Structures are given as C-alpha cells and as structure tokens.
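In our numbering, the protein residues as written are 32 to 624. Beta carbons are placed, not taken as given, at the ideal position from N, Cα and C, and that holds for glycine. Owing to the predicted nature of the structure, the values given are computational and were not obtained by experimental measurement. Below: one structure, written as structure tokens.
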Amino acid sequence: MNDFDELDAFEGASLSARAMASRPQPYLEGLNPAQRAAVEKMDGPVLMLAGAGTGKTKALTARIVHLMNTGRARPNEILAVTFTNKAAREMKNRVGQMLGQNIEGMPWLGTFHAICVKLLRRHAELVGLKSNFTILDTDDQLRLLKQLVQAEGIDDKRWPARMLAGLIDGWKNRALTPEKVPAADAGAYNHRGTEIYAQYQARLKELNATDFGDLLLHMITIFQNHQDVLQQYQRWFKYILVDEYQDTNVAQYMWLRLLASGHKNICCVGDDDQSIYGWRGAEVGNILRFETDFPGSHVVRLEQNYRSTPHILAAASGVIAGNEGRLGKTLWTEAQEGEKLRLIGHWDGEEEARWIGDEIEAMQRGTRDLRQYSLDDMAILVRASHQMRAFEDRFLTIGLPYRVIGGPRFYERMEIRDAMAYFRVVTSPDDDLAFERIVNTPKRGLGDKAQQNIQKTARAHGVNLVEGARILLADGGIGGKGAAQLRLLIDGIERWNQMVRGHPGMSLESDDSVLEESDSAAHTQELGATEMSHVELAQVILDESGYTGYWQNDKTPEAPGRLENLKELVKALEQFENLQGFLEHVSLIMDNE
32 MNDFDELDAF EGASLSARAM ASRPQPYLEG LNPAQRAAVE KMDGPVLMLA GAGTGKTKAL
92 TARIVHLMNT GRARPNEILA VTFTNKAARE MKNRVGQMLG QNIEGMPWLG TFHAICVKLL
152 RRHAELVGLK SNFTILDTDD QLRLLKQLVQ AEGIDDKRWP ARMLAGLIDG WKNRALTPEK
212 VPAADAGAYN HRGTEIYAQY QARLKELNAT DFGDLLLHMI TIFQNHQDVL QQYQRWFKYI
272 LVDEYQDTNV AQYMWLRLLA SGHKNICCVG DDDQSIYGWR GAEVGNILRF ETDFPGSHVV
332 RLEQNYRSTP HILAAASGVI AGNEGRLGKT LWTEAQEGEK LRLIGHWDGE EEARWIGDEI
392 EAMQRGTRDL RQYSLDDMAI LVRASHQMRA FEDRFLTIGL PYRVIGGPRF YERMEIRDAM
452 AYFRVVTSPD DDLAFERIVN TPKRGLGDKA QQNIQKTARA HGVNLVEGAR ILLADGGIGG
512 KGAAQLRLLI DGIERWNQMV RGHPGMSLES DDSVLEESDS AAHTQELGAT EMSHVELAQV
572 ILDESGYTGY WQNDKTPEAP GRLENLKELV KALEQFENLQ GFLEHVSLIM DNE
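What follows is the structure in structure tokens.
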C-alpha cells in the first residue's frame, strides 16, 4: 500500500492558512441573507436546499473561499465534488475570481470519478490492480461483455450484452460486488447475470482495467477493508462539499458517508424537486434523509430566484406541488412578470412541426401580433434526436434556415477512437481491447482466423494479446504478408512503450531492422538522438503504424476532415505532461461532460 505522502498529491496549498485568514471578504457582499447564512455556517453538516436559479453555485464557491479565507482549511484540505467536468471548471474559475488569483492548490475539486481515479491510483494494489490501470469506455465495456456472453454460448440476440451492461452498471451504482448481489436479482439475465458479472470483474483485473462504476466501487471496498486508508483521508479532508446531492446514487452516498464520518463537516447542495435521474441510479432519498443521516444538521433554503419570471415560477411550482415527500420551499423573484407561458397541444409530430414553422416565420416578421425576433433568438428543445426529423422536413419545405446542435462528439469519431486505441496499447500493453481494435487497422492482412489464433495463443500462455501475437509469430502460426505486418506492429508497440517509460529508446534512434520497412520510421531515425516529447511520440505512433498514411491515401470526401481531426488530437496533447495523463483526461470527460 502506498504511504500517505503529503508531499505528493496532498502538497500544494497555494496560500498559507495564516495569509488567507488575513484577507478581506468582499465575496460576502453580493450574497443575499440565505446565501450568506449557508456560507458562514461552516462547521457540522449543512444542507443547502437550493431551488433552480437561486444562485447555489455562487453560494457554494463563496463557501469554499470563506473556508480558505478564514483559515479553516487549506485549499488541498477541501474535498469539493461535482457531477460534471464543466461544473468543476466553473467552480474552480469562480473560486479564483473571488480570491483574485489563480487556484493551483485544489487537487480535490472535481467529479466523483476524477477524484476516485486519483485515490485509486494510489491504492490500486489493494484491489488487485496496477497503478497504471486503464479506464474502459462504454464501447469497450460492451465489447468485453459480448466476448464473455458468446464464450458462454448465450444467444446474444435474445439476451444482448447491452442488457447485461445495464444490469452491471445498476449493481455497481448500488455498490454491489458480484458476491453481494441480492437473491432477488438472481434471475437477472436468464439466471446468468451474477455469474457473468463475476467473470467480467475477473477479466477486468486481467486487463488491468476498470469501468467507470469500478472507480467508486473499488474505493468503497478499500475504505471498508482498510480502515487505516479511510482514516488518512478522513483526517485530511477537513471539509467536504457536494453539488447536486439529489442526483447521488447509493455508491456515491456510501463513499461520502465514509469520508464524512471523520470531521462531519459536510455541506451538500441540492434540490429534491430536480431529481430526474432515478433511471440511472440516483436516489432522491439521499437528500430527503440528510437530517437523519447527519444528526444536528443545519438546513438553509435558497428561494430567491434570479433566472426566471414570476409566470415561469408559478407554472413550475404548480406542477411540482403535487409531488409527495418533498422537503418543501417557495421560490420567488424580484423580476418583472414577463410573458405568459403557452401550452399548445397537437395531433401528431407533423402538425406540431407545421405550427411551429408558421410561428417562427411570424415571429421573424413580427406579424400576427407577435414581437419580432431574429432566428438567432429562437431554439427548439427536443427530448431525443429522432424528434427533429419532422421539424427538419418542415423547415426544408418552407425554406427556413436552421442549424442542428449535436452529432458525434470529437472523441467519439472513428479516427479518434482508433488513434486513442494505439495510444492506450502503447502505454498499457495489457489493454487487449485496444489491441483488438488496432491489430488490423489499417488493414494488415490479419483476418478473423488470424485474430482468433492470437487470442487462443494468449489464453493458452496466460499472457496479453501483444505477447500472444509475439509467441504465435515465433511459432510460425501466421505466415505471408500478415506475419510481416504483425511483426512490424508488435515491434513498434514495444519500441513506443519503451519511449513512454523513459527507456533509452526515448531517443529518436531506433532499430534499423524494424524501421527499414517504414518510410515514416526511417524519417524518425534521420532526426538523430534528439529527445522526443510525448506530443512528437504520438505523431510518430500514428505515422509509423501506417494510420496517418491510411487516411492520406483514402480518396473519400471524409478523409481530409479525418486527417485534420488527427492533427487536432495530437495538438491537444500539448496541454498534458504525458500520454497516460491525456488518456485519463479523455476517459473522464467522455464519462460526464
């Protein structure tokens, strides 16, 4: 187990407690009475019951600043948890603005997953992992489960892997390891769910990998089984702040309860009326039980709304008033009345699209007694992308210009996922899922049979697929062009991995016998023994693997855009110290942006 090293991840408070305690407190001046009460009640459990638009982020960040400014805690002694990376960035920026300086000493402000990754890398060996474990995304998780399902001879059309993935995610959200899944769930997935869940967890350890649910689950396991580790963090985190508490699931709740049972200085911000994520494991009961879970709690209600008009608040309050088990609050605002809400019912989607198209044209022209607006002032919100079809058909028919916001995100694009798979297998050769993606991408003459032989060899020798491929080549199990191309790939992975690990191979000098078959690698050799940065290495990996050339030779209209995306990917690496840090960052932002 790693020692609790304050000079490592826990060092770096950018301001001393004494210096902070002497600073002025202008950030309190812009707070309303309820917000100020939530900020100044620093010790003990606090529930900030904050309605929509009531300035809860402002109050939460002011509370963080007040803790530092009064000397109650150093920046790195505050654990502040958000649900999205965007919220974490916004909170950190606001704290810096309130303090009047950049904040570099708040390593524990982030999402549940981002914080748990840091913790788990320090204690990975306690759950059978290495500190450089890989985090699987949803696609990789599904691929792995499909392999397990097929190996068990289960009809994956009747019992799709996606169904099993949902079950496993649900169990992990409830902090249930395979052996803790209740008997009531034993019939799940044709009575095979818990069995394959256990196989899945075992395979993850073999791959030195986790999925997102494991990040919390493993830390809960460590805290429960290693009291010394838990007590270290209980002592260190003097104050805990949690945003959107109504959206926490059982695992997140347990993790917080374990950490907060030390100092008991926990402040949770949330709104039971905004709990809409029950379908993905959120437990509104967590916020409803706060006063029971944390005896002596102080509840502050933020009810002054700064975002909406009285008409909107009245309509929202009328809808939510019928909910049972509410903690209760009454939102009000000093804003002007504004326009009344309209609820228009239509027979079907086509009729709705026709009506909205006519309404937009009328507002654009300022006719039909409607105020004139620019098209840039209008937006249509839909629940799912398929609902846009009727609108797009109508707008094209009447010639109304529009823009759809959405489409695949950058890191979801095929070429980016391929490149990331190369980076993953280079930094962690145990990442079999990444190797499976790139072994024949671009085409290397390695069909399904050759890939199956690699997998069989790896299983027979108890090694990863990279080593399995090396053994198969040595035994002559693959011949022809495929063998030569596979040898180039395997040797390349080894050489690039040595560069990542700071091996002497980190220089640009490389083995002539390997490079002579690759123009890009030959160019690399010509550069001499200059030190190579991780950004340059990323480009070398894409070039020497043949992936860049693959898209350069592709004549489809999409190819130039894909090459530009690859350039942008390599450029993004400039913001990070190494490849592994970049890969971890991408995993986390793709989980919850």
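Whole angstroms are fine: how far does the CA of residue j sit from the CA of residue i?
i	j	result
residue 98	residue 112	16 Å
residue 462	residue 454	10 Å
residue 604	residue 566	6 Å
residue 584	residue 117	38 Å
residue 252	residue 228	17 Å
residue 550	residue 317	With a pLDDT of only 42 at residue 550, under the threshold of 50, the placement of this residue in the model should not be trusted; the figure read from the coordinates follows. The alpha-carbon atoms of residue 550 and residue 317 are separated by roughly 60 Å.
residue 332	residue 266	29 Å
residue 104	residue 608	29 Å
residue 96	residue 239	39 Å
residue 465	residue 434	35 Å
residue 555	residue 589	Per-residue confidence for residue 555 stands at a pLDDT of 45, beneath the threshold of 50, marking its modelled position as unreliable; no derived number is given.
residue 509	residue 498	14 Å
residue 249	residue 319	27 Å
residue 300	residue 311	20 Å
residue 350	residue 62	29 Å
residue 347	residue 375	17 Å
residue 444	residue 511	32 Å
residue 91	residue 268	17 Å
residue 361	residue 307	19 Å
residue 621	residue 195	21 Å
residue 215	residue 285	22 Å
residue 84	residue 363	10 Å
With residue i and residue j assumed to form a contact (beta carbons below 8 Å), what rounded beta-carbon distance in angstroms separates them?
i	j	result
residue 569	residue 601	5 Å
residue 140	residue 119	6 Å
residue 482	residue 494	Their Cβ separation, rounded to whole angstroms, is 16 Å, which puts residue 482 and residue 494 out of contact at 8 Å.
residue 254	residue 289	5 Å
residue 67	residue 80	Incorrect: roughly 15 Å between the Cβ atoms, too far for contact.
residue 303	residue 344	With a Cβ gap of about 17 Å, residue 303 and residue 344 do not count as contacting.
Going by DSSP, name the residue or residues bridged to residue i.
i	result
residue 81	333
residue 270	109
residue 300	79
residue 166	241
residue 703	The chain is shown from 32 up to 624; residue 703 falls before or after that span and cannot be answered.
residue 141	112
Please name the residue in the options whose C-alpha comes closest to that of residue i.
i	options	result
residue 419	387, 407, 444	387
residue 400	408, 206, 507, 390	390
residue 404	421, 395, 427, 410	395
residue 322	78, 491, 181, 190	78
residue 487	303, 613, 501, 593	501
residue 528	456, 597, 241	456
residue 114	352, 490, 416, 283	283
residue 124	477, 88, 158, 143	88
residue 145	161, 247, 130	247
residue 164	515, 273, 234	234
residue 64	335, 129, 173	335
residue 573	520, 617, 615, 592	520
Let me know if residue i comes out buried or exposed under the rule of 16 or more other beta-carbons within 10 Å of its beta-carbon.
i	result
residue 441	exposed
residue 611	buried
residue 171	buried
residue 354	exposed
residue 432	exposed
residue 107	buried
residue 543	Caution applies to residue 543, whose pLDDT of 32 falls short of 50 and renders its modelled position unreliable; the value that the coordinates give is listed next. With fewer than 16 other Cβ atoms within 10 Å, it is exposed.
residue 199	buried
residue 205	buried
residue 337	exposed
residue 39	For residue 39, the pLDDT reaches just 47, beneath the cut-off of 50, and the residue's location in the model is therefore unreliable, although a value from the coordinates is still provided. The residue in question, residue 39, is exposed, as its Cβ has fewer than 16 Cβ neighbours within 10 Å.
residue 297	buried
residue 560	Note that residue 560 scores a pLDDT of 37, beneath 50, so its modelled location is shaky and nothing firm can be said.
residue 370	exposed
residue 109	buried
residue 619	buried
residue 372	exposed
residue 280	buried
residue 413	exposed
residue 100	buried
residue 557	Any reading at residue 557 is ruled out, since the residue's pLDDT is 40, under 50, leaving its predicted position unreliable.
residue 587	exposed
residue 436	exposed
residue 378	exposed
residue 516	buried
residue 129	buried
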